[in-house]
Structure formats: C-alpha cells, structure tokens
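There are 4 protein chains.
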Amino acid sequence: MAILRMGYAHVRVTDLAEARQHYTQTLGLDEVAAVDNKLYLKGWDEWDHHSVVLEEGGVGVVKFGFKVQYEDDIAQIENRAQKFGVTTERVSKGEEFEVGEILRIHSPSGHFFDIYSEITSGQSDVGNVNPEAFPRDLRGIGAPAIDHALITAEDVGQMERFLHDVFGFWTAEKVATTLDPADQHNIAIWTTGTNQIHQLAVLEGPQAKLHHFAFRLEEGWEITRAADIMAMDDVPIDVGPTRHGITRGKTVYFFDPAGNRNEVFAGGYLSFADRPMVTWTPDMIAKGIFYHARELNERFTTVLT
Amino acid sequence: MAILRMGYAHVRVTDLAEARQHYTQTLGLDEVAAVDNKLYLKGWDEWDHHSVVLEEGGVGVVKFGFKVQYEDDIAQIENRAQKFGVTTERVSKGEEFEVGEILRIHSPSGHFFDIYSEITSGQSDVGNVNPEAFPRDLRGIGAPAIDHALITAEDVGQMERFLHDVFGFWTAEKVATTLDPADQHNIAIWTTGTNQIHQLAVLEGPQAKLHHFAFRLEEGWEITRAADIMAMDDVPIDVGPTRHGITRGKTVYFFDPAGNRNEVFAGGYLSFADRPMVTWTPDMIAKGIFYHARELNERFTTVLT
Amino acid sequence: MAILRMGYAHVRVTDLAEARQHYTQTLGLDEVAAVDNKLYLKGWDEWDHHSVVLEEGGVGVVKFGFKVQYEDDIAQIENRAQKFGVTTERVSKGEEFEVGEILRIHSPSGHFFDIYSEITSGQSDVGNVNPEAFPRDLRGIGAPAIDHALITAEDVGQMERFLHDVFGFWTAEKVATTLDPADQHNIAIWTTGTNQIHQLAVLEGPQAKLHHFAFRLEEGWEITRAADIMAMDDVPIDVGPTRHGITRGKTVYFFDPAGNRNEVFAGGYLSFADRPMVTWTPDMIAKGIFYHARELNERFTTVLT
Amino acid sequence: MAILRMGYAHVRVTDLAEARQHYTQTLGLDEVAAVDNKLYLKGWDEWDHHSVVLEEGGVGVVKFGFKVQYEDDIAQIENRAQKFGVTTERVSKGEEFEVGEILRIHSPSGHFFDIYSEITSGQSDVGNVNPEAFPRDLRGIGAPAIDHALITAEDVGQMERFLHDVFGFWTAEKVATTLDPADQHNIAIWTTGTNQIHQLAVLEGPQAKLHHFAFRLEEGWEITRAADIMAMDDVPIDVGPTRHGITRGKTVYFFDPAGNRNEVFAGGYLSFADRPMVTWTPDMIAKGIFYHARELNERFTTVLT
C-alpha cells in the first residue's frame with residue numbers, strides 16, 4: 001500500500017478571514033497555523049500537521065498532497081511517474097510548511113500532486129491514551145478528517161491509466177458510455193488504493209479544475225445536522241442532504257465563501273482490490289450521482305473552480 | 001497490502017437447522033450451499049462464494065480464512081511464517097469447498113489461519129451495473145458482510161509479533177499493563193493491515209478459543225434495529241446496543257444457538273499504518289470495551305467457544 | 001379534546017392497480033378491503049378500519065375524515081359549524097364503508113370534512129398484549145400511520161377562523177405578510193388541536209385542492225431509507241429528504257402514480273395550546289419550507305390535485 | 001384537554017453546585033434563576049419560566065407541577081379531587097417562585113401535585129420568528145424539555161382511578177398480573193391525557209418515592225450521543241442506551257450527583273384516547289421494560305429517592 005491517503009488539499013480563497021470563519025466555525029476544523037497569506041487547518045481526528053491549506057488570492061485548487069508510508073515509496077512512485085511520462089520535480093524539505101521532501105507530479109489532468117512521507121505529526125484531538133470517542137465540545141459540523149476530491153480532466157481514460165500505473169489505484173466505480181469494455185469511453189471514475197471507497201475521482205471536463213473536496217463524517221444523521229448548521233450559518237448548499245448511488249455514501253455539497261465546492265460525506269461501502277468494479281451507464285448517471293432525486297442540477301455539473 | 005481481509009470464519013454448531021435459522025433469517029445471510037454437514041453462507045454485499053462455514057458437531061472455531069490478492073502473496077506469507085517459526089501446510093485446491101490452494105498456518109494461539117487468493121467469485125446481491133444502494137427486501141438484520149474476529153491466546157505479545165511479522169498487521173489499539181513500552185505486557189490487541197479498524201483482535205486467555213466473530217453494519221440505527229430483531233427472534237444478547245471506546249464502533253454482542261458469540265459492528269474510525277497507536281490502561285479497560293456502562297459483565301469475559 | 005386526529009384521507013386515483021402497488025408495496029400500508037372501485041388501507045400501527053380510501057377515477061381529494069372521541073362531540077361540532085355558517089349534512093351509518101354516522105362539513109375551502117366517532121376498529125398489527133416494537137417484516141417504507149394534510153384555500157384567514165371556531169384548532173406556525181398582527185395577511189397556516197405539530201395545514205391557493213397528505217415515520221434515518229425505497233421503486237420524488245424549518249420535521253415529498261403528492265414526515269416538536277405561535281416572514285418562506293436548500297422549486301408550489 | 005403536561009419537577013439534591021454542573025453542563029438545561037437554596041432551570045425548547053427546581057438538602061421528589069390551560073381548569077380539577085376524596089390546598093400566587101395560584105393535591109401515592117395555569121412565560125431559545133431548528137451551540141446533551149416521571153405507590157389501582165377521575169388520564173400501557181380484567185392487579189401503569197405516550201407512570205412500591213424523571217430527545221442517535229456525553233462526564237448510567245418495549249421509546253437511565261434517577265427518552269408512538277390499551281404480562285415485564293436485554297438489573301428495581 002504505497003499511498004496511505006489524500007493528505008492535504010491546498011486551495012485558493014478570495015478572502016482569508018471569510019474562509020477562516022467557514023472552515024473553522026462551520027466545518028469545525030482546527031486552525032493550526034497562519035503564515036503569510038496561508039492558513040493551515042486539520043480535523044479533530046487527524047494527527048498530521050494539516051490537511052487543508054487555504055491561500056488568499058483567487059479560487060480553485062493549487063495542489064493535493066498524497067501521503068506515503070516510507071521515504072522509499074516516494075522514489076518508487078517517481079520511477080513509475082517518469083515511466084508513465086509525466087513531469088516530476090523534487091521539492092526540498094521545508095519548502096512546503098512542516099512537510100518533508102516532496103515529489104511533485106504534474107498530473108495529465110493539469111493538477112499538481114505532492115507525494116510525501118514526512119510531515120510534522122502529533123495526535124488527534126482526543127489523544128492516544130484512553131481517548132474519548134470524540135471531543136466533547138465540537139465546533140459547528142465538527143468534521144474529523146479530509147476524505148477525497150473530485151477533479152476534472154479532458155481525458156478520463158488517461159487519468160485512469162495514470163492513477164493505476166503511478167498511484168496503484170483501482171477504479172471502484174465508473175460512468176462509461178457503454179458496458180462493452182472494448183468500446184468504452186469513461187465519463188467519470190472513482191479510484192482508490194485502500195478501503196476508502198474513493199481517494200480521488202475524475203470527471204470529464206476542463207483541465208486543472210476542482211469540482212469539490214470532501215470531509216468525512218460517520219453517520220447519516222451527521223449529514224443532516226451538517227446541513228442544519230449550514231442553514232444557520234447561511235452557507236449555500238448545492239445539493240443535499242441525499243445519498244449517492246455511486247459509493248452509496250450520504251452527502252451534502254456546499255460552497256465555501258470563495259465559491260470552492262465542499263462536500264461532507266458519510267458511509268459508503270468498503271473498497272477492496274478484488275471487489276468487482278461497478279459500472280454506471282449514461283442513462284443512469286443522475287441516479288448514480290443523486291440516488292433520490294435522480295436528476296442533476298445545472299450548477300452541479302458546470303460550476304468548477 | 002498482502003492480506004485483503006478476513007475472508008471466512010468456519011465455526012462448529014451443535015445443530016445445523018437451528019444455526020441455519022439464526023444465520024439466514026435473523027442475521028440475514030444468504031445460504032449459498034449445503035454440503036454434507038456444512039452450510040456455506042455469504043452476506044448480501046459480498047462477492048466471494050462464502051464468508052461463513054457452519055459445521056455441525058460441537059461449538060467453537062475451526063479456522064479463519066484470510067484472502068490475499070495474488071498467488072504470490074501466499075508464498076511470501078509462507079516464507080514469513082516459516083521464518084517466524086510456526087507450522088504451515090499446503091491444502092490443495094478444492095479440498096476446501098470452492099477455494100483454491102491454501103496455505104494453512106498453525107498460529108501461535110492454537111488457531112488455524114487459511115491464506116488463499118482464489119475462491120469461486122461472483123458479485124454482490126445488488127450486482128455491478130447501476131446497482132441499487134441495498135437489496136430492497138433484506139431478511140432480518142440484513143448483514144452485508146463479515147468483518148473481524150476476537151480470539152484468545154495465552155501469549156498476546158507473541159501474537160502481536162506474529163501478526164506483525166507474518167500478516168503485516170499493525171496494532172491499532174491495545175490494552176496494556178502500563179504505558180511504559182519497556183515494561184509493558186499486552187492484555188489485548190486490535191490489529192489490522194488496512195483501513196478496517198480491526199481485522200483480528202487477540203485477548204489474553206486460553207489457546208485456540210473464540211470470543212466472537214463479527215458482521216459489519218453501516219450506522220448506529222442499524223445496530224439498534226439489529227437488537228430489536230434479536231428481541232423478536234429470542235436471540236440471547238450478551239451486551240448492547242452500546243458503543244466501544246476501543247475502535248469507537250457501535251455494537252451488539254449476542255449468541256448463536258450453539259453458544260458461539262456473534263457481534264454486529266458499525267462505524268469506528270479508519271485505521272492507517274501511520275496513525276498513532278491507542279493504548280488503554282487497566283483501570284480503563286471497562287470503559288474501553290463498553291464506553292457507556294463502563295463495567296464488564298462476567299459472561300462477556302468468561303464465555304468462550 | 002374534541003378532534004382526536006385526521007382519521008382518513010379519501011383520494012381519487014387514475015388507476016387502482018397502480019395505486020395499490022404504490023400504497024401497499026412502496027408505502028407498505030395494509031390492504032383492508034376492496035369494494036367496487038375503492039381500496040381501503042391502513043398503516044401497521046393503526047387500529048381503526050382504514051385511514052386511506054383510494055377511489056378509481058380522476059385525481060385529487062374527495063374528503064378527509066376527522067375522528068372525535070364521543071358521539072356528543074359530533075353534535076357539538078355541528079353546532080359550532082352552523083354557528084360559523086358553513087353547510088353541514090348528516091350521513092347515515094354505513095353509507096361510508098365501516099364508518100358510523102357522519103357529520104359532513106362543507107369547509108370554506110371547498111373541501112369536505114367528515115366528523116365521526118364510530119368506525120370498525122381492531123388493533124394495530126403488533127397487537128395489544130406484549131407487543132413487539134414493530135412488525136418484523138414490513139413491506140417497503142412500512143408507514144405506521146397517516147399524519148396530516150396540506151390543502152389550499154383562497155382565504156387562509158377564513159380557514160384559520162373556521163378551524164379555530166369549529167375544530168378547536170390553534171395555529172402552531174404561520175407564514176404571514178408582516179409581523180404586525182393588525183396588518184397581517186396569512187399565506188399559510190399549520191393548525192392542530194393536539195401535540196401533533198399539524199393535523200391540517202392550509203396554503204393560499206385555489207379552492208378544494210390537495211397539496212399533499214402525509215404519513216408519519218419516527219426518525220430521520222427512516223426518511224432517508226424511504227427515499228431509497230422510492231429510488232428502487234421508481235417513485236418520482238418532488239423534494240427531499242430534507243428538513244422543514246416550519247415544524248422542524250424531516251420530510252420527503254413524492255407522487256403517487258396518479259399524481260397526488262404524498263409525504264413521509266418524521267419528528268418535529270410537540271405542539272401545546274399554550275406554546276407561543278411561530279411566525280415566518282415572506283423573505284424566509286423558502287427556509288421555512290425547506291430548511292436546507294432555502295429555495296422552492298416551481299413544481300412544489302404549483303402542482304396540486 | 002384539562003392538563004397540558006407535566007410542567008415541572010421539584011427535587012432535592014444533596015449539593016447544589018454539583019447538581020448545577022450536572023443539569024446545566026451535562027444535560028444542557030438553561031439556568032434561569034438561583035434563589036436561596038434553589039435553582040430554577042428550563043430546556044432550550046421550553047417557554048415557561050422553569051421546568052426543573054433543584055432544592056439543596058436531601059434527595060427525592062418534593063412535588064410535580066401539572067399545567068392546565070385555563071384558570072377554570074383548576075377549579076374543575078379541585079372539584080374532582082375533592083369528590084375523589086384526596087386532600088387539596090390552595091397556594092397563593094407567588095408563593096411558588098414565578099408561578100400563579102396553585103391547587104396542591106395530596107396524591108393517594110403520597111406525592112404532591114401542583115395544578116397551575118399561570119407561570120411567567122417567554123419563548124423557547126430559538127424564538128418565535130423565523131426560528132432555527134435548534135440552538136446552534138447546545139451544551140452537553142442539550143435536552144429540549146422535560147417529559148414525564150415514574151413514581152411509586154403502594155396501590156397502583158387506586159392511582160389509576162385517581163389519575164383517570166381527577167386528571168382525565170387514560171392508561172396507555174400497563175403491567176398486570178393477568179389478562180383477565182376481572183381478576184387483574186396492576187403492577188405498573190403508564191398514563192397520559194395527550195399524544196405524549198406517558199405523562200406520569202406509577203410502579204408498585206413505597207409511597208411518595210421517585211423512580212425517575214425524564215427529559216425528551218427526538219431521535220435514537222441523540223440517545224446514543226447522550227450516553228457518550230455521560231461517559232465523558234463520568235455520569236453513572238443505570239441502564240442503556242436501549243429501547244423500551246413499553247412505549248417503544250429509546251432510553252438511557254442515569255443518576256444525578258445526589259442519586260436521583262434521570263432518563264433521556266426519545267421516540268415512542270403517539271397515544272390517543274381511543275387507542276386500545278396495551279397489557280404486559282408478568283413473564284414479559286423484563287422485555288417490556290428493556291426490550292433488548294430482556295432482563296432487569298437489581299439496581300433498577302430497588303433504587304428509589
């Protein structure tokens with residue numbers, strides 16, 4: 001298991017004060033550090049230094065971090081990336097705040113992926129000795145951890161090969177033009193290398209864009225309560241609370257003050273390398289995305305940052 | 001990731017007809033095959049041929065299966081097992097019904113662990129094309145899949161080394177006599193090699209015994225509803241519904257008609273290889289096991305099969 | 001407490017076979033009787049003969065029944081109705097299948113309200129001696145009981161007076177043009193005479209129309225699961241699952257095969273005669289109706305039957 | 001509907017500071033006033049001045065308040081009480097802090113019941129204009145309101161007649177020695193005069209004692225979360241979380257620092273005057289009380305204050 005998880009999302013926001021309010025008071029992340037025009041945040045159940053970096057100036061994704069367990073894993077992924085034919089660069093330890101040496105991959109989708117094994121690390125907010133089940137006084141939604149992201153790319157098939165060959169990910173679910181593998185064009189893929197039902201999903205669209213990044217909650221009632229908190233805090237909801245057909249997870253999509261789409265996501269089944277891949281056909285895309293409404297709103301399919 | 005998951009539990013039951021009723025009608029597993037004095041069962045969300053084998057005659061565990069992804073993984077684990085110094089044997093394809101060639105390891109705990117990469121395989125009950133979120137008409141509790149087991153062993157420290165060295169598992173949580181690693185004696189460990197918070201747990205006790213094996217549910221309300229179904233079906237409940245401090249999962253412990261302890265388990269956090277291990281001290285064991293009552297009943301700590 | 005509850009909804013459906021499938025298999029009501037072109041249904045937790053009457057031919061509401069406890073209550077309501085100035089008629093015992101003598105009120109809204117104290121009565125599906133918490137094998141959504149209805153009327157203020165003076169209902173919540181009682185025009189009212197947060201709600205609109213009638217579920221997860229079942233059964237969902245600001249209840253709106261709108265409704269607070277009335281202002285209507293999305297779809301406000 | 005609800009519980013506690021911590025920080029009630037050796041508290045969703053009075057000195061119940069809608073209701077109940085043959089007294093307005101004139105009934109069970117229609121009144125913590133669904137930042141369990149109490153009495157049959165004749169309550173459920181009404185001796189009764197499944201329950205036992213008084217939550221997950229908070233706050237849990245067979249409600253029983261038993265209670269079905277009474281037989285008492293475990297602990301049946 002080379003890649004442990006999506007370790008961080010680094011996104012641009014138009015106003016850092018507004019973003020701080022949203023991510024720390026509504027989502028309930030911990031503010032770990034504020035350096036120059038950047039905020040570093042983590043969820044209460046995370047032990048690495050940060051999982052979200054907010055950078056003032058614009059909107060959209062700067063890069064995603066993917067953590068590996070061992071330093072050797074970085075070199076292994078570097079080899080695979082070069083073999084695949086994408087550009088890579090090394091970023092020295094400390095250039096990325098609190099993070100060790102980084103392999104930065106220029107993804108075929110136009111995104112930057114940071115591979116790292118070292119980051120300043122502590123413990124979750126409940127600690128490691130006789131911990132309580134959760135912090136007694138959570139703020140707002142109280143999101144425990146980052147979960148995954150959905151990005152867009154012009155060539156989803158190429159990204160599937162990239163994520164398979166370089167990250168060791170498999171496709172848990174896909175939306176394809178037909179069920180015939182020989183003739184199949186992928187419209188979207190949900191990929192992972194662990195039990196997490198998706199670590200990175202890719203949707204056909206413009207290069208280098210962000211559809212959303214997501215935070216993990218545990219149960220359906222927390223999804224409903226998250227939407228309640230958004231109503232109280234005047235956070236614009238895109239869609240939800242509802243269930244995905246794809247992944248079976250429960251969800252709310254909403255926007256941060258800069259217009260980046262967030263998600264809170266709960267449940268879904270466990271992925272395994274040997275589990276048969278699920279395919280959705282074009283006539284069932286809407287049910288796959290929003291299992292209850294079985295229709296897509298235009299905003300959901302067109303607003304990217 | 002050599003070991004994908006605990007693939008099957010093979011247990012003895014005193015009466016096959018009673019056991020069939022319990023496992024298929026109350027737990028809601030699918031009966032896949034009945035051969036000689038054995039029943040083969042699977043959950044609705046499993047794609048391998050079976051995850052539970054019930055064998056008439058006695059009580060207790062016969063063996064556990066652990067599935068690996070590739071045939072090569074078997075040889076790798078065989079090497080590690082021999083290096084560790086435990087007895088192993090090869091079981092030819094087909095000797096275990098619908099399973100390929102097996103590496104059978106004689107665990108230091110006195111249990112048998114089957115390592116296999118091949119088993120007759122199909123799809124989950126909702127299929128792989130535009131699947132529904134769950135089967136519309138589930139029976140009883142409707143358990144989707146097997147999850148983990150808790151066994152007893154005289155030497156938990158030895159089992160921790162075995163599971164680490166041979167299975168590649170890490171200890172997610174433990175109950176230890178002190179917090180000082182140098183002087184620490186493990187009373188119980190919860191180990192895994194994936195995001196599942198535990199694949200196998202080991203409690204200090206007699207060799208070769210079963211404390212319980214568990215089925216996965218998704219949310220807390222399903223745990224409550226499972227207990228409701230048990231009340232309707234006169235299934236004896238040991239403890240629950242409640243929450244574990246250890247793993248944070250929600251749980252009901254109950255008994256099959258032969259007296260083997262089952263569990264339904266939901267939630268809990270995701271484990272990662274780099275997540276700091278949690279340690280529970282002896283004074284907090286009861287809260288670790290049963291977070292709400294903070295006391296252990298005698299039955300829970302003494303009834304083994 | 002003169003009026004116990006909304007006892008039945010009698011609605012028209014275009015096709016009885018389709019409606020039977022929807023109300024008994026998706027909603028999970030019991031079919032009690034089929035007479036001529038009518039089906040009589042009840043929920044599993046109801047003890048009166050029926051709570052829903054489906055009549056083939058057309059669409060929309062025929063009448064609502066309101067049950068009172070004593071025969072004397074009928075005469076008392078008759079007096080109040082005549083004093084209010086609406087037309088009433090007496091319907092002899094047996095004219096309405098399995099119902100005793102009825103006082104039929106011609107509501108100012110153009111609807112017919114049946115007041116009755118006698119109806120063939122039995123017990124809920126779990127019985128009255130050592131009952132289980134719910135029937136072990138529910139069909140589909142498994143709705144236990146009818147709950148309330150929302151109708152439209154040209155003059156909501158007049159309906160509020162009618163429901164107050166004749167039914168003894170108070171307004172638990174309202175949408176009003178201003179907060180100034182002197183200058184206030186009611187756009188919608190939610191009225192009740194018991195702890196049920198609404199027994200009948202009235203929205204400004206055409207006379208004699210039905211917006212929806214609702215079935216009661218207990219918890220939020222049942223609302224989500226109800227939407228899951230609707231997805232599996234191809235039932236068109238109007239809105240939800242979501243929460244109402246008004247009543248705080250959780251909800252899914254959907255359509256029966258004839259196009260009548262149904263709701264499943266769970267939770268909400270208890271109403272009391274002395275509880276201060278809640279007022280919603282026009283700018284907050286959307287949040288009052290759909291607390292999460294804070295926007296109304298056109299279908300929801302225009303489709304009536 | 002003469003009696004609206006159980007309006008307040010006035011109990012003794014051994015230490016006011018400890019009790020304040022428990023009732024305001026763990027249960028999450030609002031402290032409204034502190035006068036002499038008494039604390040006055042209310043839940044966030046209550047509008048009357050207080051629903052709990054804590055009086056320093058001893059343990060157990062001082063009295064319960066029952067609110068009626070109109071001043072005339074007081075005289076009506078006074079007449080009924082005198083006809084029944086119990087002692088009553090009038091307590092002048094203001095003698096009970098912030099409460100109007102009171103009819104104090106000496107119940108056959110040895111308890112004092114205050115009947116009142118007037119109490120200083122405001123609004124719930126979310127207000128009456130465009131209210132949020134709940135206060136955004138609740139403390140601890142965040143109990144919205146008091147719900148009911150269970151008291152003991154030597155003669156439960158006499159109490160049933162008293163509550164019927166004087167309060168207008170009916171028995172929703174009972175535990176009786178036989179199913180034969182002619183020969184039936186009541187061991188416990190759950191009585192109400194509204195949709196609340198119980199306003200006051202009576203168990204055979206010593207006179208003038210308190211088994212528990214309860215706070216209302218809405219859903220099962222809140223019951224589990226309440227038990228989590230109790231674990232964090234070292235509140236001793238008696239039983240739960242579990243479900244009652246009787247009332248079907250979800251529950252946790254626990255103790256305040258003085259040893260008075262509290263309950264958080266959610267769900268259960270709606271009671272109606274015409275709903276058939278449920279009877280439990282002696283062999284099923286344990287399942288009726290604790291539906292899952294189907295056994296009673298000795299503490300639950302013997303600890304009274």
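If you read the protein sequences in the order shown, they are chains D, F, A and L. First residue of the first sequence? That's 1 in full-length UniProt numbering, and the numbers climb one at a time after it. First residue of the second sequence? That's 1 in full-length UniProt numbering, and the numbers climb one at a time after it. First residue of the third sequence? That's 1 in full-length UniProt numbering, and the numbers climb one at a time after it. First residue of the fourth sequence? That's 1 in full-length UniProt numbering, and the numbers climb one at a time after it. Cβ coordinates follow ideal geometry from the N, Cα and C atoms, glycine included.
Check: Could you pull the start and end residues of the alpha helix (DSSP H) that aspartate 137 (chain L) belongs to?; Outcome: Counting along the chain, aspartate 137 (chain L) falls outside any alpha helix (DSSP H), and DSSP gives it neither H nor E.
Check: Quick check on asparagine 260 (chain L): buried or exposed, where buried means 16 or more other Cβ atoms within 10 Å of its Cβ?; Outcome: buried
Check: For arginine 5 (chain F), count neighbouring Cβ atoms within 10 angstroms of its own Cβ and tell me buried if that reaches 16, exposed if not.; Outcome: buried
Check: Let me know if alanine 34 (chain A) comes out buried or exposed under the rule of 16 or more other beta-carbons within 10 Å of its beta-carbon.; Outcome: exposed
Check: In chain order, which beta strand (DSSP E) runs of at least 3 residues are fully inside the UniProt domain "VOC" (145-267) of chain A?; Outcome: 145-153, 170-176, 186-192, 200-204, 209-217, 237-243, 250-255, 261-266
Check: Compare the C-alpha of glycine 57 (chain L) against each of L:Phe300, L:Leu304, L:Thr279, L:Ala258 and name the closest.; Outcome: L:Ala258
Check: Going by the CB atoms, is the gap between glutamine 25 (chain L) and arginine 139 (chain L) shorter than 7 Å?; Outcome: yes
Check: Excluding the 5 residues flanking glutamate 46 (chain A) on each side, which residues of the same chain have their C-beta closer than 6 Å to its C-beta?; Outcome: Ala145
Check: Do glycine 28 (chain A) and glycine 122 (chain A) come within 7 Å of each other at the CB atom, strictly closer than that value?; Outcome: no
Check: Give, in chain order, every residue of the stretch 232-250 of chain D whose Cβ lies closer than 8 Å to some Cβ of chain A.; Outcome: Ile237, Gly240, Pro241, Thr242, Arg243, Gly245, Lys250
Check: According to the neighbour-count rule (16 or more other Cβ atoms, all chains shown, within 10 Å of its Cβ), is valine 53 (chain A) buried or exposed?; Outcome: buried
Check: Between the UniProt domain "VOC" (145-267) of chain F and chain D, which residues of the former have a C-beta closer than 7 Å to a C-beta of the latter?; Outcome: Leu179, Thr194, Asn195, Gln196, Glu218, Glu219, Gly220, Arg243, Gly245, Arg248, Gly267
Check: Is the stretch 242-252 of chain A touching the stretch 290-300 of chain A, taking contact as three or more C-beta pairs under 8 Å?; Outcome: yes
Check: Using a Cβ-Cβ cutoff of less than 6 Å, which residues in the same chain neighbour phenylalanine 213 (chain F) once the five nearest sequence positions on both sides are dropped?; Outcome: Ala9, Ala149
Check: Who are the near neighbours of aspartate 238 (chain D) in its chain, counting only those whose CB is closer than 7 Å to its CB and skipping five residues on each side?; Outcome: Tyr253, Phe254, Phe255, Arg261, Arg299, Phe300
Check: Residues in the stretch 107-137 of chain F with C-beta within 8 Å of chain B's C-beta atoms, listed in sequence order?; Outcome: Considering every chain present, this structure includes no chain B. Its protein chains are D, F, A and L.
Check: Do we get a CB-CB distance below 7 Å when we pair threonine 279 (chain F) with the residues of chain D?; Outcome: yes
Check: Would you say glutamine 76 (chain L) lies against chain A (beta-carbon separation less than 7 Å)?; Outcome: no
Check: Along chain F, in chain order, which residues have C-beta atoms closer than 8 Å to that of alanine 293 (chain L)?; Outcome: Ile237
Check: Since lysine 287 (chain A) meets chain D, which of its residues come closer than 8 Å, beta carbon to beta carbon?; Outcome: Ala231
Check: Check whether the Cβ of residue 331 (chain F) lies closer than 7 Å to any Cβ atom in chain D.; Outcome: Outside the displayed range of chain F (1 to 305) lies residue 331 (chain F), so it cannot be described from this structure.
Check: Along chain D, in chain order, which residues have C-beta atoms closer than 8 Å to that of leucine 4 (chain F)?; Outcome: Phe272, Ala273, Asp274
Check: Which runs of the beta strand (DSSP E) at least 3 residues long sit entirely within the UniProt domain "VOC" (5-118) of chain D? Give them in chain order.; Outcome: 30-35, 38-42, 52-56, 60-68, 88-91, 102-106, 112-116
Check: Alpha carbons only, please: which of A:Ile3, A:Trp44, A:Arg275 is nearest the one belonging to glycine 127 (chain A)?; Outcome: A:Trp44
Check: So for threonine 301 (chain A), helix, strand or coil by DSSP?; Outcome: helix
Check: Excluding the five sequence neighbours on either side, which residues of its own chain have a C-beta within less than 6 Å of the C-beta of isoleucine 285 (chain L), listed in chain order?; Outcome: Val175
Check: To which residues of the same chain is glutamine 82 (chain D) closer than 8 Å at the C-beta, ignoring the five residues directly before and after it?; Outcome: Thr88
Check: Going by DSSP, what residue range makes up the beta strand (DSSP E) through valine 126 (chain A)?; Outcome: Unbroken run through valine 126 (chain A): none, as it is neither H nor E.
Check: According to DSSP, isoleucine 285 (chain D) sits in a beta bridge with which residue or residues?; Outcome: None, per the DSSP bridge assignment.
Check: Assuming phenylalanine 265 (chain A) contacts threonine 251 (chain A) under a Cβ cut-off of 8 Å, what Cβ separation, rounded to an integer in Å, is found between them?; Outcome: 5 Å
Check: Under 6 Å from any heavy atom of the ligand PLP, does the C-beta of phenylalanine 169 (chain D) make it?; Outcome: Summarising the ligand content, the structure contains no ligands, and the ligand PLP is consequently not present.
Check: Report the rounded CA-to-CA distance for histidine 185 (chain A) versus phenylalanine 169 (chain A), giving the unit in angstroms.; Outcome: 19 Å
Check: CB-CB under 6 Å to isoleucine 3 (chain L), same chain, minus the five flanking residues each way: which ones, in chain order?; Outcome: Phe66, Val68, Phe167, Gly193
Check: What span of residues does the beta strand (DSSP E) with threonine 279 (chain A) cover, start to end?; Outcome: 278-280
Check: What's the call for proline 131 (chain F), buried or exposed, on a 16-neighbour Cβ count within 10 Å?; Outcome: buried
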